[in-house]
Amino acid sequence: GAVVSQHPSRVICKSGTSVKIECRSLDFQATTMFWYRQFPKQSLMLMATSNEGSKATYEQGVEKDKFLINHASLTLSTLTVTSAHPEDSSFYICSASLIQGGSYEQYFGPGTRLTVT
Amino acid sequence: LAKTTQPISMDSYEGQEVNITCSHNNIATNDYITWYQQFPSQGPRFIIQGYKTKVTNEVASLFIPADRKSSTLSLPRVSLSDTAVYYCLVGGGYGGATNKLIFGTGTLLAVQP
């Protein structure tokens, strides 16, 4: 149980185009979903918190107009990188939060490798 | 959010027990302690979570002292496939201010034959 999927697993796009990444919780309804970005040999950096039916909460320094997040249902969140540039090339990872007992447990997707040329 | 501190890297040999300690001096009452494992180009994988004392599952044990200002992940008899980055995170307690997790630098565990 507690499986999170991401689609696509990797994408190459041209500079100036937009790319959408999907995150799905396959066997549970997530109270919250999170989006992270990870550059080579670095740790995960939290970009935003996504709650179903409400606006996402972005971390300081993350442009909300560039990284559009839509949380359409309790099992689906999407991240759209608008007008992508080479510096947006990174590994994007989502996670979904599940309440277990007295705590939240986060389960991560496999990640999406974005390359902007 | 509580900040965590863990060693940047550790080396071990196959078959040995590995203990990775994490410091979290500012842990809040509602915070849980969670450890994740990450292989290159993959999302982190949940290993174990605890609040206090000792927790054990099929892959690891987690030791948490009474003051909860640190925790130790114990991996019994590691193999080459355990080579990965291990992250210690605090937070996620139900009823806490937030359930978001902030990743620290992690510990790169290198297991040699």
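From first to last, the protein sequence lines are chains A and B. Plus 2 on top of the position in the first sequence (first one is 1) and you've got this note's numbering. Plus 3 on top of the position in the second sequence (first one is 1) and you've got this note's numbering. A virtual CB, placed ideally from N, CA and C, is assigned to each residue, including glycine.
Verify the CB distance criterion: does I14(A) have a CB-CB separation below 8 Å to chain B? no
Could you check the C-alpha separation between A100(B) and Q19(B) for me, to the nearest Å? Any reading at A100(B) is ruled out, since the residue's pLDDT is 47, under 50, leaving its predicted position unreliable.
Using the rule of at least 16 other Cβ atoms within 10 Å of the residue's Cβ for burial, across every protein chain shown, is V114(B) buried or exposed? buried
Per-residue contacts from I95(A) into chain B (C-beta, under 8 Å): G46 and P47
Helix, strand or coil at D67(A) [DSSP, three-state]: coil
Residue of K103(B), S73(B) and P47(B) minimising C-alpha distance to K55(B): S73(B)
8 Å Cβ cutoff, F36(A) in contact with chain B: yes
Go ahead and label A69(B) buried or exposed: buried means 16 or more other beta carbons lie within 10 angstroms of its beta carbon, across all protein chains shown. exposed
Shorter than 8 Å from the beta carbon of V93(B) to some beta carbon of chain A? no
Along chain A, which residues have their Cβ under 7 Å away from the Cβ of L104(B)? Q108
Can you name the residues of chain B whose CB is closer than 7 Å to the CB of T51(A)? K103
Under the assumption that M47(A) contacts C96(A) (Cβ atoms under 8 Å), give the Cβ distance between them as a whole number of angstroms. The pair is not a contact, with the Cβ atoms about 13 Å apart (cut-off 8 Å).
So, does the segment 64-74 of chain A touch the segment 3-11 of chain A, judging by three or more C-beta pairs under 8 Å? no
Just checking my contact of I36(B) with I67(B) at CB under 8 Å: how many whole Å lie between their CB atoms? 6 Å
Count the CB pairs spanning the segment 16-29 of chain A and the segment 78-95 of chain B that are closer than 8 Å, and state whether there are at least three. no
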